[in-house]
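Numbering (the numbering used here), first residue to last: 1 to 257.
Below is one structure, written out as structure tokens; comments come after it.
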């Protein structure tokens, strides 16, 4: 597979099969390409809209033999309406202060990241990441990337989102949060907040990575009304039974601290 730019062809490679981190007894394989260089932004924009994700300086997409469970998903922010549960989650966290920061790893972030991984993904590959690994995840980026830190009134860091700026919105690379605050539903809150940020930027989409219906870790993304998925290269609305969808509420306000 190649992508031809005005200057040079873009080469794509497939990885060796490895155990799938989301579905048991399955193997995953990815198509990957390097996105460094003067055309990094343009290439990343094209690949994001085509369902690719970024990790460090690589863009990737699943090409697993006999399996299409990983489906690219995004939210068209102007059509999204929060349901009652999501509205309650937003109100519950209204006092949190948010701050945009440069993609620079800190000890405070890493401590929260470690707690999150050990609590939520203790058997996953990321649970073994050390401080250097975390720094590379955050800082090794060839495109416009930033982070949002969420803090409570006492200044405690409770949630962090790592984000890529793409042509039509934001791509949520990774979000982690305090695992000892389940009542806050901080993962859902972060998505609701980012929807409003994209709206405020006058852009159209929030990219959420992959939706995997059979994986509890990834299936939650279908709970966001009007989500779009990509099948055979075409984005279309995800038709799934929604939780608490009988009453949708107005657009959520965002206060940026």
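Heads up, the beta-carbon is just placed ideally off N, CA and C, and yes, glycines get one too.
This one's a predicted model, so the numbers in the text were calculated from it and none came from an experiment.
Identity of the residue in 114, 138, 137 nearest residue 127 by Cα: Along the chain shown, one-based indexing puts residue 127 at 127. Answer by Cα proximity: 114.
What's the gap between the Cα of residue 225 and the Cα of residue 196? Looking up residue 225 in the chain shown gives position 225. Looking up residue 196 in the chain shown gives position 196. When rounded, the distance between both Cα atoms is 14 Å.
Hey, out of 204, 190, 186, 159, whose CA is closest to residue 167's CA? Sequence index remark: in the chain shown, residue 167 carries index 167 (1-based). Among 204, 190, 186, 159, the Cα nearest to that of residue 167 belongs to 204.
Any idea what DSSP makes of residue 69, helix, strand or coil? Reading the chain shown from its first residue, position 69 is the one you call residue 69. Coil.
What are the complete beta strand (DSSP E) segments, minimum 3 residues, inside the region 117–152? Taking only runs of at least 3 residues, the beta strand (DSSP E) segments lying wholly in the region 117–152 are 145–151.
On the three-state DSSP scale, how would you describe residue 182? Position 182 of the chain shown, counted from the first residue, corresponds to residue 182. In this structure, residue 182 counts as helix in the three-state DSSP scheme.
Restricting to Cα atoms, I'd like to know which of 147, 84, 120 is closest to residue 100. One-based indexing of the chain shown puts residue 100 at position 100. Of 147, 84, 120, the residue nearest in Cα terms is 147.
Around the Cβ of residue 44, are there at least 16 other Cβ atoms within 10 angstroms (buried) or fewer (exposed)? Stepping through the chain shown from its first residue, residue 44 is reached at position 44. The residue in question, residue 44, is buried, as its Cβ has 16 or more Cβ neighbours within 10 Å.
Sufficient close CB pairs (3 or more, under 8 Å) joining the region 135–150 to the region 17–29: The region 135–150 vs the region 17–29: no contact.
For the pair the region 71–83 and the region 217–234, tell me if three or more CB-CB distances fall below 8 Å. yes
Please classify residue 249: is it buried, with 16 or more other beta-carbons within 10 angstroms of its beta-carbon, or exposed? The count along the chain shown starts at 1 and reaches residue 249 at position 249. Low confidence applies to residue 249: its pLDDT is 44, below 50, so where it sits in the model is not reliable, and the reading given next is rough at best. It counts as exposed.
Cutoff 6 Å; reference residue 186; Cβ partners in own chain excluding five residues on either side: The residue you call residue 186 lines up with position 186 of the chain shown. Sequence-distant Cβ neighbours of residue 186 in its own chain, meaning closer than 6 Å and more than five residues away, are 159, 177.
CB residue 283 to CB residue 17, shorter than 9 Å? Only positions 1 to 257 of the chain appear in the structure, and residue 283 is not among them; the question remains open.
When you compare the region 54–61 with the region 24–41, are there three or more beta-carbon pairs, one atom per stretch, that lie closer than 8 Å? Look at the beta carbons and you see the region 54–61 touching the region 24–41: at least three pairs across the two are nearer than 8 Å.
Name the residue from 13, 219, 201, 152 whose alpha carbon lies nearest to the alpha carbon of residue 96. By one-based count along the chain shown, residue 96 stands at place 96. Residue 152 is the option with its Cα nearest to residue 96.
Ordered along the chain, which non-local residues of its own chain (more than five positions away) have a Cβ less than 6 Å from that of residue 52? The sequence position of residue 52 within the chain shown is 52, counting from 1. For residue 52, where only same-chain residues beyond five positions count, the Cβ hits under 6 Å are 59, 61.
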